[in-house]
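With the numbering used here applied, the sequence shown corresponds to residues 5 to 264, in that order. Note that the Cβ used here is the ideal one computed from N, Cα and C, for glycine as well. A short worksheet on the structure shown next.
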Amino acid sequence: MEVMKHTSTFLRPPLLTPAADGPPLTYALVVLNQRLPWFAPVLWSHATLRVFADGGANRVYDGMPRLFPEQDPLELRRRYKPDLIRGDMDSIRPEVKEFYSNLGVKIEDMSYDQETTDLHKCVTFICDSTPKMDKSNLCILVTGALGGRFDHEAGNINVLYKFSNIRIVLLSDDCLIQLLPRTRCHEIHIQSSVVGPHCGLIPLGAPSASTTTTGLQWDLTNTRMSFGGLVSTSNIVHEERITVRSDSDLLWTISIKKDL
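Structure follows, in structure tokens:
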């Protein structure tokens, strides 16, 4: 079975990021309508495509000046402008919408589509914008995906399953979540300066009859996991290289350190 490799180097500034083992990833950034994490400028510096999901525009407009209080707010807002604002436009403030429109930012009102979330709409745009790219090298970073209303969180996690062939990482100030598809074996390279040590493997969507790991303090060996049974929460990273093999899609989550 093919091995899929994962790393959290996107949490480190590009100049401090070690050379990739294999083809480098191409990053896109989606900003959702939750508090902007303090490491958002680092994510921005890695991304080649940036999309604000509706009220995510408010978060950057308000949040970047708070992250850089010594700098001119107007200049910051001009610097951190997206390639696109997309969503049902029920959250973006009128003055924020006007500001980005005056900067020439394309704004797509998708209010006619009430069957998909704003994140789904943004991921679809990113995938459609990179038709010639090998999607195995695409990684979509999503800020504001966790926290706030639980139904929003569940909808964002559902997007991981809908686009299981795409690397998507949901981020908050505290942790990241990504899907480990059952069709691959997984190698997770731990950047101990930015993530860990607390981690978990969650069989959300379907039980796992057999999951095996290496590199964790409490490794799993052909272990059955399910809600109502065993779920590997509050585990600890024990080595710099974690391996995971499972007969079910799993959610991998790991804590993000506060002093990057």
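Asked                                                                                                                        : Found
Buried versus exposed, by CB contacts within 10 Å (16 or more), residue 210                                                  : exposed
Among 246, 75, 55, the one whose alpha carbon lies nearest that of residue 193                                               : 246
Selected residue, minimal CA-CA separation from residue 199, among 67, 260, 250                                              : 260
Helix, strand or coil at residue 44 according to DSSP, with G and I counted as helix                                         : helix
Under the three-state DSSP convention, the category residue 210 falls into                                                   : coil
First through last residue of the beta strand (DSSP E) which encompasses residue 9                                           : 7-11
Given residue 114 as reference, the closest of 56, 42, 139, 159 once Cα atoms are compared                                   : 56
Close-in-space but distant-in-sequence residues of the same chain around residue 97 (CB under 7 Å, 5 per side omitted)       : 62
Neighbourhood of residue 195 by C-beta distance below 8 Å, restricted to the same chain and skipping five residues each side : 11, 12, 13, 15, 16
Distance, residue 262 Cα to residue 93 Cα                                                                                    : 32 Å
In DSSP terms, what residue 119 is bridged to                                                                                : In DSSP, residue 119 forms no bridge with anything.
Separation of residue 244 from residue 156, as counted between CA atoms                                                      : 32 Å
Exposure label - residue 139; buried when at least 16 CB within 10 Å                                                         : exposed
Length at least 3, wholly inside the region 189-258: the beta strand (DSSP E) runs in chain order                            : 189-193, 199-206, 212-218, 227-229, 236-240, 245-250
Rounded separation between residue 80 and residue 148 - CA only                                                              : 20 Å
With 16 other Cβ atoms within 10 Å as the buried cut-off, status of residue 229                                              : buried
Cα-Cα separation, residue 5 to residue 174                                                                                   : 26 Å
DSSP state of residue 132 mapped onto helix, strand, coil                                                                    : helix
Per DSSP, the bridge partner or partners of residue 139                                                                      : For residue 139, which the question treats as bridged, DSSP gives no partner whatsoever.
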